[in-house]
Structure formats: C-alpha cells, structure tokens
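S.K.: Before I ask anything, let me first share the structure, which is written out below as structure tokens.
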Amino acid sequence: MRISDQEMMLKTDLPFDKAPPYRIKAVEYTIPTTREKRKEIMKKHGYSGRLLPAKYVFINMVTDSGTGALSDRQWSAMMEGDESYFYCRSFEFFEESVQKFTGMPYVFPSHQGRSSEAPIYEVLVKAGDKIPSNTHFTTTSAWSFQRGAEPVDFVCKDYLDENNRGWFKGNMDVKAFEEYFIQHAEKIPLVELVVPNNLNGGQAVSMENIREVRKVIDKYKKIDTQFYLDIARISENAWMIKAHEPGYADKTCLEIVNEMLSHADGCHMSAKKTGMVNMGGFIALRDKKVWQKMQPKVIRTDGYITYGGLSGRDLESLAVGLIEGVNDYYLQDRQRQVDYFANACKKRGVHILEPAACFAVYINAGKCLPHLDHTQGPATCLSAQAYIEGGFASTAMDSLQRGRIDPANPLDVSKRTKAPYELIRCAMPRRVYFEPHYDWAAECLARAMAWGDKLPGFKPIADDRPPLEMSEIGLHTFFDDYEPVFPLP
Ligand SMILES: Cc1ncc(COP(=O)(O)O)c(C=O)c1O
4 MRISDQEMML KTDLPFDKAP PYRIKAVEYT IPTTREKRKE IMKKHGYSGR
54 LLPAKYVFIN MVTDSGTGAL SDRQWSAMME GDESYFYCRS FEFFEESVQK
104 FTGMPYVFPS HQGRSSEAPI YEVLVKAGDK IPSNTHFTTT SAWSFQRGAE
154 PVDFVCKDYL DENNRGWFKG NMDVKAFEEY FIQHAEKIPL VELVVPNNLN
204 GGQAVSMENI REVRKVIDKY KKIDTQFYLD IARISENAWM IKAHEPGYAD
254 KTCLEIVNEM LSHADGCHMS AKKTGMVNMG GFIALRDKKV WQKMQPKVIR
304 TDGYITYGGL SGRDLESLAV GLIEGVNDYY LQDRQRQVDY FANACKKRGV
354 HILEPAACFA VYINAGKCLP HLDHTQGPAT CLSAQAYIEG GFASTAMDSL
404 QRGRIDPANP LDVSKRTKAP YELIRCAMPR RVYFEPHYDW AAECLARAMA
454 WGDKLPGFKP IADDRPPLEM SEIGLHTFFD DYEPVFPLP
C-alpha cells in the first residue's frame, strides 16, 4: 500500500528541517569527462547550457522543468493508468486532484505549460489587446504577440534595487499597473501573475500583491477582464508566503495555494515543476462558458479534453505529484537545499541575486565578471567556464541571450535590450541532488570566476536560419549559439 497524502503530513519530531523526508530507490549515471573533453563539447555546442548533450553533464541545473525524480507513489500509480481514449478512470483521479489543489471546478489536462496557455490566449485574447503581468514567461509573451496583442510587464521597484533584501520582489508594481489599467481597461481581457516570477530572479509573489491586483481589476474593469495565475511553481511560492508573510505560519502550503487561487478566475500550470512530473500540465478555471469555449481548441491541438496530450499513466503521476509537491515537509527541505547552495556560492565569493529563490539560485554574473559589459555576455561566459571547470551546467539569462529584439539584425549586439542583471539561473531539479553536488557546483562557479579578466566576451554565431518573426523573437534564447572572442582557459 502506498503511503497516503494524510500520512505524509502527520506531525513529527524527526529532523525534516535538516534532511529530506524521503530516501532514494533508483539512481542515474552520467558519462565521466575530462577538462579537455568538456572544452571540446562546449565549443561544439555553441557555449549554451541548453544545447549541451545532457549525458556529458555531471550536475545539471539548466532547468528544474521535468527533471525531478518520481516517487514510489507516482510509479505505483502509473501502473494503474487507464489508457482508454475517452474519459479514462485516470482522468477522474487527475480531475479530483487538480480541483483539490486549485479549488476550481473546470479542468483540462495538457501536455505541458505552453500548450495550456494556447487555448487561454486563443479564447480570451485578440489583436490590439494588452496583457499586463508581473513578468510574462517567454511563452505567454509569445502567445500574446501571436494573437496580435501586447504583453506588458510591471516589474516591482524592489527587484530593480540590488540591495533590497525583501522576500517578495516578484510582485507586480501595483501602482503602475493601476494607472495603466485605468487608461486601457477596455483593451485588457486578461491579467497574468507568474508565481513565482521565473524571469525576474525567481522571486516570490506575496498574497497581498495577488489580493491588490484583484482589487484593481474589480474596481476599474470595463470588460470581463479575467485574472489568471501562471502556477508552474506555486507550491514553492506558497512556502515563501508561509515562511515570510505575516499571518501564514500556521497554514499548510496547500491551504495557501488554495487561498492564492481563490483570488483568480483561472490558472495554467506547467506541472513539470512543482507538479513533480516529467511531462504534463493543466488549465483550471471557474467559468463554465469559458471552459466550453476552450473545448474545441483543446481538441484541435492537444487531443481529447479528458487527456490533453497525456497518457493515462501521466495523468496518474500528475495527480499524485501535485499533492506531493505541496507537502510542507518536502517544501521545507527543498528550501533548505536552495539555501545550502546559495550559501555554498556566497562562501566562495560567488555573487548571487538576493534573496535566493524558492527553486533556484540566480548568480549575478555581471558582478562576478565586472570586466565584461552587457553586450559581452558575462553570464554566457561564466556559465560556459563553470562547465569546463567541472561539468556543471546552468542557464545564462544575460542581455546577450535574452535581449535580442531586432529580427533583421540578429548579430548586432548593440541592438539588444539591457537586462536589469546579467544572471545565470541555477535551477534545482527536485529530489535529485544533495549537498556534495551543491558544493561542487559552487566550486565550479568559483573556479570559473577566479579566471577574472582572462575570460573572454562572447558574441552570437552568424545566423543563417530564416529570420524570426517579430512575435517569435523572444524564443531565440532556446536555440541561439555563441562563441568567445578568444579561447576560454
Ligand atoms: C513560469 C513558467 N510558465 C510557463 C512555462 C512553460 O511551461 P512548459 O515548459 O511546460 O511548456 C514555464 C517553463 O519553464 C515557466 O517557467
């Protein structure tokens, strides 16, 4: 018999604040490499963590998306997957779990986050609309453009202040949003909050901020403006609220998730993060009419409305993982691991963006390599060198990699938008690595940083692919490759 959700939450005096509340059953090997080999691999694969063959990566923090380890509970549930096409038994289990998690009655499974965004944008958004957010994820931004609408980000000022140590720097700047909303209300069918704010240092969003955004919408809306949360990592955000927002210490993270979503009309989730699955996602919403309008769109792109591109066993795994990923003991340990890695970096003099996020540590590469400016890719460089030092892979999110805005001039780096920080995201897969790995990852970054001005700037490699459409420009970050202006040490 599997351990039940209730048993996993029993009161305890065990040291779950110091060690994970689980043990390991299966392990995964990688191919041993040497420094020379890693140099060769980096060069061949465009000096980008995203393009590296994973088999040659010792510690892989390129992403936390779909990279977690499944539990015994998930594997055993998968054996019970019902693979009937229409309305399989696994859908009922999945639907119940999503309803419990979101408090919303209408649910669609989807094969991942971006496919759940598709019907939402198709149904709610049209040309000329404006879609405010704290900071759109790359794909909701691309969906907005694809519909002929404009994504607009209201980044809070605390995030832009490097010395600010607030816990909720992922918040939307409500004052700026309010002014904008009053001016454009009839063109705003959808407002999105990303919780936590992945593209802005993974910073968390407070309950108060969610409440305030709702209030602005209710007070000034001129059309049926829908308020949706992008909840890929909502459980980890809930932990930050529990730990740091007054009034939440005695609530469970599931209760906090429920409350966060009680302010929203709908949500979409890439369940590959706190849903604890390798593939999967969903939409949940309150309005039956909107749900009905989405049905044909889901069928056109993702399959039938009760499987949404997922097999029965995937639905089972997601139904279990969603509740496992919001377990307080597990989340407490996850934050402990993030903090451990953040401290391992700081101890070695590697500059991080403070505070550490709830799922990743973002390295302030601009500060680590001050001799490189924003057009020279300091994060691209540090991330590539850290791989050479010791097989540690991460994601550079600097102006060079994220700021391409001119489809006609892909190589002109002077036309790239300057990011507030030149960041490397070290996203932590769930239930995969432990302290010695985090120490080694920090060591790789420190050794890379120690080369100082012996490290080169980077430039994009000549691009002979067809020019990108303006609406797709943000997606270049997933496939562009780079080269150093002189060889890496
Ligand atoms: C905040 C956020 N929203 C949406 C997505 C898209 O999800 P997926 O990769 O499952 O399509 C991601 C993916 O990383 C994300 O971080």
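In my numbering, the protein residues as written are 4 to 492. By construction, the Cβ of each residue, glycine as well, lies at the ideal position given by its N, Cα and C atoms. It should be emphasised that the depicted structure is a prediction, and the values quoted were computed from it without experimental measurement.
Please work out which residues of its chain come closer than 6 Å, Cβ to Cβ, to V72, disregarding the five sequence neighbours upstream and downstream, and give them in chain order.
M.R.: The question names Val, but residue 72 is Ala in the sequence shown. These residues qualify, in order along the chain: R434 and V435.
S.K.: In the DSSP assignment, find the beta strand (DSSP E) that holds K462 and state where it starts and stops.
M.R.: Run containing K462: F461 to P463, per the beta strand (DSSP E) assignment.
S.K.: Among the candidates A363, R419 and A121, whose CA atom is the shortest distance from the CA of I302?
M.R.: Checked all of A363, R419 and A121; the closest Cα to I302 is A121.
S.K.: Assign R236 to buried or exposed, taking buried as 16 or more other Cβ atoms, counted over all protein chains shown, within 10 Å of its Cβ.
M.R.: By the 10 Å Cβ count, R236 comes out buried.
S.K.: Inspect the beta-carbon positions of A399 and S417 and report whether they are closer than 8 Å.
M.R.: No, the pair does not count as a contact, with Cβ atoms beyond the cut-off.
S.K.: Using the beta carbon as the reference atom, which residues fall closer than 6 Å to any heavy atom of ligand 1, ordered along the chain?
M.R.: In chain order, the hits are S68, Q115, G116, R117, F140, T142, V197, N201, D233, A235, S273, K275 and G284.
S.K.: Can you give the beta carbon distance from Q379 to F461, rounded, assuming they're within the 8 Å contact cut?
M.R.: Confirmed, about 6 Å.
S.K.: Give me the residue from N240, Y32, G49 and I44 with the minimum Cα distance to D484.
M.R.: Here the closest residue by C-alpha is G49.
S.K.: Any heavy atom of ligand 3 closer than 7 Å to the CB of M175?
M.R.: Questions concerning ligand 3 fall outside what the structure shown contains, since the ligands it does hold are ligand 1.
S.K.: Using a threshold of 8 Å, state whether the C-beta atoms of S93 and G84 are closer than that.
M.R.: Yes, the Cβ-Cβ distance between S93 and G84 is below 8 Å.
S.K.: Using a Cβ-Cβ cutoff of less than 7 Å, which residues in the same chain neighbour Y307 once the five nearest sequence positions on both sides are dropped?
M.R.: Taken in chain order, the residues that qualify are Y88 and F89.
S.K.: Can you check whether the CB of L403 is closer than 8 Å to the CB of L458?
M.R.: Contact flag unset, no.
S.K.: Taking 8 Å as the threshold (C-beta atoms), are C447 and D331 in contact?
M.R.: Their beta carbons are not under 8 Å apart, which means D331 does not touch C447 by this criterion.
S.K.: Put G283 into one of helix, strand or coil per three-state DSSP.
M.R.: Looking at G283 - three-state DSSP - the assignment turns out to be coil, as it is neither helix nor strand.
S.K.: Is there contact between the segment 287-298 and the segment 97-117, where contact requires at least three CB pairs shorter than 8 Å?
M.R.: Output reads yes: the segment 97-117 touches the segment 287-298.
S.K.: Can you have a look at Q338 and say buried or exposed, based on whether 16 or more other CB atoms are within 10 angstroms of its CB?
M.R.: Counting Cβ neighbours within 10 Å, Q338 comes out buried, since at least 16 surround it.
S.K.: With a cut-off of 8 Å, do at least 3 Cβ pairs link the segment 154-162 to the segment 194-209?
M.R.: Touching, per the Cβ criterion.
S.K.: I'd like to confirm the pairing. Which residues does DSSP put opposite C429 in its beta bridges?
M.R.: In the DSSP output, where bridge partners are listed per residue, C429 has V364.
S.K.: Would you mind sorting M272 into buried or exposed? The rule is 16 or more other CB atoms within 10 Å of its CB.
M.R.: So M272 counts as buried.
S.K.: In terms of alpha-carbon separation, which member of P154, N137, Q186 and F148 lies closest to A176?
M.R.: The sequence shown places Asp at residue 176, rather than the Ala named in the question. It is N137 whose Cα lies nearest to the Cα of D176.
S.K.: Check whether the segment 166-175 and the segment 141-152 are in contact - that is, three or more C-beta pairs closer than 8 Å.
M.R.: No, the segment 166-175 does not touch the segment 141-152.
S.K.: CB A518 to CB F111, shorter than 8 Å?
M.R.: The requested residue 518 does not occur in the structure, where the chain is confined to residues 4 to 492.
S.K.: Taking buried to mean at least 16 other C-beta atoms within 10 Å of its own C-beta, is Y109 buried or exposed?
M.R.: So Y109 counts as buried.
S.K.: Quick check: the Cα distance between K133 and K190, rounded to an integer number of angstroms?
M.R.: K133 and K190: Cα-Cα distance of roughly 6 Å.
S.K.: Which term fits F481, buried or exposed, when burial requires 16 or more other beta carbons within 10 angstroms of its beta carbon?
M.R.: Classification of F481: exposed, given that the 10 Å Cβ count is below 16.
S.K.: With H, G and I counted as helix, E and B as strand and the rest as coil, what does DSSP make of T398?
M.R.: Strand.
S.K.: Taking the alpha-carbon positions, what's the P23 to W443 distance?
M.R.: Cα-Cα distance, rounded: 19 Å.
S.K.: How is M452 classed by DSSP in three states: helix, strand or coil?
M.R.: Three-state DSSP puts M452 in a helix.
S.K.: Going straight from the alpha carbon of F184 to that of M297, what length do you get?
M.R.: Each residue's alpha carbon lies about 26 Å from the other.
S.K.: Under the DSSP definition of a beta bridge, which residues are partnered with F111?
M.R.: In DSSP, F111 forms a bridge with I286.
S.K.: Since A359 and D336 should fall inside the 8 Å C-beta cutoff, what is the C-beta to C-beta distance between them, to a whole number of angstroms?
M.R.: Contact flag wrong, Cβ pair sits at about 15 Å.
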